[in-house]
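Note sheet for the following structure.
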Amino acid sequence: MAQTPAAAPTAAQLDAVKSSVRKLLHQPDYDDGSAGPVLVRLAWHAAGTYCAETNTGGSNGAGMRYEAEGGDPANAGLQHARAFLEPVKAAHPWITYADLWTLAAVTAIEEMGGPAIHWAGDRTDFTDESKVPPRGRLPDGAQGAEHLRFIFYRMGFSDQEIVALSGAHNLGRCHGDRSGFEGKWVNNPTRFSNQYFKLLLANDWKKKTLESGVEQFVFVDEDLAAEGEEEGGEKAAELMMLPTDMSLLSDKAFRPWVERYAQDKDLFFEHFAKVFAKLLELGIKRDANGNVVNEENVEEGYKSAPKKSDSAQAPGDQNKGQIGHEADPLKKDNEKFQRRKSGAKL
Ligand code: HEM
Numbered sequence: 001m002a003q004t005p006a007a008a009p010t011a012a013q014l015d016a017v018k019s020s021v022r023k024l025l026h027q028p029d030y031d032d033g034s035a036g037p038v039l040v041r042l043a044w045h046a047a048g049t050y051c052a053e054t055n056t057g058g059s060n061g062a063g064m065r066y067e068a069e070g071g072d073p074a075n076a077g078l079q080h081a082r083a084f085l086e087p088v089k090a091a092h093p094w095i096t097y098a099d100l101w102t103l104a105a106v107t108a109i110e111e112m113g114g115p116a117i118h119w120a121g122d123r124t125d126f127t128d129e130s131k132v133p134p135r136g137r138l139p140d141g142a143q144g145a146e147h148l149r150f151i152f153y154r155m156g157f158s159d160q161e162i163v164a165l166s167g168a169h170n171l172g173r174c175h176g177d178r179s180g181f182e183g184k185w186v187n188n189p190t191r192f193s194n195q196y197f198k199l200l201l202a203n204d205w206k207k208k209t210l211e212s213g214v215e216q217f218v219f220v221d222e223d224l225a226a227e228g229e230e231e232g233g234e235k236a237a238e239l240m241m242l243p244t245d246m247s248l249l250s251d252k253a254f255r256p257w258v259e260r261y262a263q264d265k266d267l268f269f270e271h272f273a274k275v276f277a278k279l280l281e282l283g284i285k286r287d288a289n290g291n292v293v294n295e296e297n298v299e300e301g302y303k304s305a306p307k308k309s310d311s312a313q314a315p316g317d318q319n320k321g322q323i324g325h326e327a328d329p330l331k332k333d334n335e336k337f338q339r340r341k342s343g344a345k346l
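If you're matching positions, the sequence shown starts at 1 in UniProt numbering and goes up one per residue.
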């Protein structure tokens, strides 16, 4: 029997979701005090699996709920973002995870001082993992410009768009236990701006090999290091860049965009808003009325996956591969991180 698709959410319902997201952004015990950056990364990794040639992957389906995608090492740490959003899902059970993850990111960016980004809903949640994209489609920070082109051209982005998207590294940080890289790109990683581009150009970035053997680039602000002596000293004042970030400087076609975005914040905001909206639409087919006409949406309608459990449960209690009981152990990880950040040797 054909299912009647659920009615599209009203503007008032969506505003209520955005308001719930805004309320959870302030997380004093997490990282730099905000859930915003990791929410942005969740939406990017949900969409960034898209392949234009085969028309697979992309932001429909919320495949990271399944181990095949959620357990990809490239997605390590994003369970924090998913767990942060569980109370929002509980308060608004009608919304699909695929819509919630993308809407949370645009809400977070705006709330952190970034541009307003056009967002359209109607994504559905996959009912099984058969359409989850293969692993290995997300970029590797240890590589260079050629790799970036390989990854982002596959999604249909241009050189200019690659540079604009990379400006998201103005937010958040790298975690040794997630990606192997460590540190933040800018001093205020919860405020969206074009500081990332300014610092890329202005600082004398030096290669550093971490104890783990991972190579990244660092810059230590001497004044800040002296000031911050009590709060972790040099470590607290150290900023970082990934090898891929550095390739934006050394590549002939990327560099002019780094220079323009460093000089002109408004231009960066305008281009970022456009390209982030494009990112969130990857893998989504719409008709003239804006309704999503992907096969699974037409067949199943606006199918919102049931909310996952918040409480700690033994593995296997939930649908296979569903993540929902992770918040508790992660909280402990993060307490350790907080103590390390303030200078404790753990
Ligand atoms: C250009 C290729 C890219 C590479 C190689 C890359 C790599 C990385 C790595 C290694 C991390 C650290 C993860 C961790 O240890 O927690 C990270 C974090 C982050 N990335 Fe990217 N990324 C890229 C593009 C993007 C794009 C396109 C966006 C969004 C538009 C983005 C947004 C973020 C954010 C917001 C964080 C911080 C997350 C947090 O604080 O937990 N990145 N990225």
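Ideal Cβ positions, reconstructed from N, Cα and C, are used throughout, including at glycine.
Would residue i be called buried (16 or more neighbouring beta carbons within 10 Å of its own) or exposed?
{"i": "THR96", "result": "buried"}
{"i": "ASN289", "result": "exposed"}
{"i": "ASN294", "result": "buried"}
{"i": "GLU281", "result": "buried"}
{"i": "GLU53", "result": "exposed"}
{"i": "ALA314", "result": "With a pLDDT of 40 at ALA314, under the threshold of 50, the modelled position of that residue is not reliable, and no figure is offered here."}
{"i": "GLY213", "result": "exposed"}
{"i": "ASN55", "result": "exposed"}
{"i": "PRO115", "result": "buried"}
{"i": "PHE268", "result": "buried"}
{"i": "ASN75", "result": "buried"}
{"i": "GLY324", "result": "With a pLDDT of only 39 at GLY324, under the threshold of 50, the placement of this residue in the model should not be trusted, and no figure is reported."}
{"i": "LYS206", "result": "exposed"}
{"i": "PHE157", "result": "buried"}
{"i": "THR127", "result": "exposed"}
{"i": "TRP94", "result": "exposed"}
{"i": "PHE181", "result": "buried"}
{"i": "PRO256", "result": "exposed"}
Cβ of residue i within 8 Å of Cβ of residue j?
{"i": "VAL220", "j": "ALA237", "result": "yes"}
{"i": "LEU24", "j": "PRO87", "result": "yes"}
{"i": "PHE217", "j": "LYS208", "result": "yes"}
{"i": "ASP245", "j": "HIS147", "result": "no"}
{"i": "ASN60", "j": "THR124", "result": "yes"}
{"i": "GLU211", "j": "PRO243", "result": "no"}
{"i": "LEU85", "j": "LEU100", "result": "yes"}
{"i": "PHE254", "j": "ASP159", "result": "yes"}
{"i": "ALA225", "j": "GLU129", "result": "no"}
{"i": "VAL163", "j": "LEU279", "result": "no"}
{"i": "LEU200", "j": "MET240", "result": "no"}
{"i": "GLU111", "j": "ARG22", "result": "yes"}
{"i": "PRO189", "j": "PRO28", "result": "no"}
Grab the span of the beta strand (DSSP E) containing residue i for me, first residue to last.
{"i": "VAL218", "result": "215 to 220"}
{"i": "THR10", "result": "Counting along the chain, THR10 falls outside any beta strand (DSSP E), and DSSP gives it neither H nor E."}
{"i": "LYS207", "result": "206 to 209"}
Give the C-beta separation of residue i and residue j to the nearest angstrom, bearing in mind that I take them to be a contact with Cβ-Cβ under 8 Å.
{"i": "ARG41", "j": "GLY183", "result": "At roughly 15 Å, the Cβ-Cβ gap does not stay under 8 Å, so ARG41 and GLY183 are not in contact."}
{"i": "GLY121", "j": "ARG191", "result": "Incorrect: roughly 27 Å between the Cβ atoms, too far for contact."}
{"i": "GLY57", "j": "ARG137", "result": "6 Å"}
{"i": "ALA43", "j": "ALA83", "result": "With a Cβ gap of about 15 Å, ALA43 and ALA83 do not count as contacting."}
{"i": "ASN194", "j": "GLY176", "result": "So it is not a contact: roughly 27 Å between Cβ atoms."}
In the DSSP assignment, what are the bridge partners of residue i?
{"i": "VAL292", "result": "ARG286"}
{"i": "GLY61", "result": "ASP125"}
{"i": "THR56", "result": "CYS51"}
{"i": "SER34", "result": "HIS26"}
{"i": "ARG149", "result": "Answer is none; ARG149 lacks a bridge partner."}
{"i": "ARG137", "result": "Partner(s): none; ARG137 has no beta bridge."}
{"i": "LYS184", "result": "ARG173, LEU239"}
Residue i: beta carbon under 7 Å from a heavy atom of the ligand MG?
{"i": "LEU249", "result": "Among the ligands in the structure shown, the ligand MG does not appear; only the ligand HEM can be found there."}
Would you verify that the beta carbon of residue i is, or is not, closer than 8 Å to some beta carbon of chain D?
{"i": "GLU259", "result": "Considering every chain present, this structure includes no chain D. It has just one protein chain."}
Give the range of the alpha helix (DSSP H) segment to which residue i is assigned.
{"i": "LEU239", "result": "No alpha helix (DSSP H) holds LEU239; the beta strand (DSSP E) holding it covers 238 to 241."}
{"i": "LYS278", "result": "265 to 280"}
{"i": "THR102", "result": "97 to 111"}
{"i": "GLN143", "result": "Careful: GLN143 lies outside any alpha helix (DSSP H) and carries neither H nor E."}
{"i": "ARG82", "result": "78 to 91"}
{"i": "ASP159", "result": "159 to 166"}
{"i": "residue 347", "result": "Look at the range of the chain in this structure, 1 to 346, and you will see that residue 347 is not part of it."}
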